[in-house]
């Protein structure tokens with residue numbers, strides 16, 4: 035892996051999709067904002083802060099996970115682009131890191147806009163430090179979600195299966211985890227189930243960031259780190275397996 039190759043890959047990916055950036059940001063924001071507005075109208079006011087956490091986590095998790103898994107599955111299995119990049123000197127990790135760099139570049143405006151609009155809609159008051167920590171946390175969540183999606187996309191050979199599975203997996207991860215509500219409201223069994231889900235720790239981290247709670251932030255980030263390490267190991271295994279078996 036070489037830094038110059040990684041930067042070149044990121045530039046290629048950004049330039050190849052630059053025409054879609056405004057559409058992407060629009061779709062990233064419109065549905066979360068509509069959902070948050072609905073929650074403001076019919077939701078319990080005591081959960082307003084959780085609604086912001088849930089909306090940011092939902093968007094930071096869902097879009098990178100689905101987008102990355104489907105992009106990588108198609109690049110790797112459904113087109114000649116991955117092979118073309120590889121044959122021109124980029125190794126697997128150059129391609130992966132280049133993809134993640136362009137993901138961060140695209141996510142920054144979406145994350146900042148979503149946080150600001152969420153705070154305005156829910157009439158919550160956060161300081162600059164809270165918003166900055168929340169922005170960094172949202173980007174970490176997006177990268178971790180992209181790693182999960184990358185592992186799925188490169189680990190399954192049939193990219194059509196990836197397209198289907200990537201749209202099914204997020205829903206139990208969002209519905210069973212305490213994303214839009216505190217974990218205390220879950221019944222006993224579901225509470226233990228939720229502790230095994232990556233989205234639970236993403237919610238912990240975002241809740242800790244917006245409330246400047248070191249305990250929740252550290253707990254959430256440690257959980258995200260464990261899932262990210264597992265994703266890296268899966269990606270490494272899939273790459274090695276692909277080099278051996280084709």
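In the numbering used here, the protein residues as written are 35 to 280. Yeah, the Cβ is synthetic: ideal placement off N, Cα and C, and Gly gets one too. Please read these numbers as outputs of a predicted model, since none were measured by experiment.
Helix, strand or coil at residue i [DSSP, three-state]
i, result
"residue 343", "The first residue shown for the chain is 35 and the last is 280, placing residue 343 beyond what the model contains."
"residue 108", "helix"
"residue 75", "helix"
"residue 268", "helix"
"residue 260", "helix"
"residue 197", "helix"
"residue 192", "coil"
"residue 67", "helix"
Spatial neighbours of residue i in its chain, beta-carbon cut-off 7 Å, leaving aside the 5 residues before and after
i, result
"residue 134", "177 and 180"
"residue 267", "none"
Cβ separation of residue i and residue j, assumed to be a contact under 8 Å, to the nearest whole Å
i, j, result
"residue 77", "residue 85", "6 Å"
"residue 150", "residue 173", "Contact flag wrong, Cβ pair sits at about 15 Å."
"residue 182", "residue 261", "7 Å"
"residue 90", "residue 148", "6 Å"
"residue 228", "residue 210", "6 Å"
Residue interval of the alpha helix (DSSP H) (run including residue i)
i, result
"residue 128", "126 to 156"
"residue 242", "232 to 245"
"residue 116", "115 to 121"
"residue 167", "162 to 189"
"residue 227", "222 to 228"
Close-in-space but distant-in-sequence residues of the same chain around residue i (CB under 6 Å, 5 per side omitted)
i, result
"residue 241", "87 and 250"
"residue 279", "For residue 279, the predicted structure reports a pLDDT of 47, less than 50, and the residue's modelled location is therefore unreliable. A value from the coordinates is still provided. Excluding positions up to five away in sequence, the list is empty."
"residue 255", "239"
"residue 115", "109"
Classification of residue i by the beta-carbon crowding that lies within 10 angstroms, buried from 16 upward
i, result
"residue 170", "exposed"
"residue 283", "Residue coverage of the chain in this structure runs from 35 to 280, which leaves residue 283 outside it and unanswerable."
"residue 230", "exposed"
"residue 248", "exposed"
"residue 136", "buried"
"residue 100", "buried"
"residue 117", "exposed"
"residue 160", "buried"
"residue 121", "exposed"
"residue 206", "exposed"
"residue 204", "buried"
8 Å Cβ shell around residue i - same chain, five flanking residues per side excluded
i, result
"residue 164", "243, 244, 245 and 246"
"residue 258", "174, 175, 178, 232, 235, 236 and 239"
"residue 193", "104, 107, 108, 110, 111, 112 and 187"
is_contact[residue i, chain C] using C-beta, thresh 8 Å
i, result
"residue 256", "As a matter of chain content, chain C is missing from the structure shown, which is built from one protein chain."
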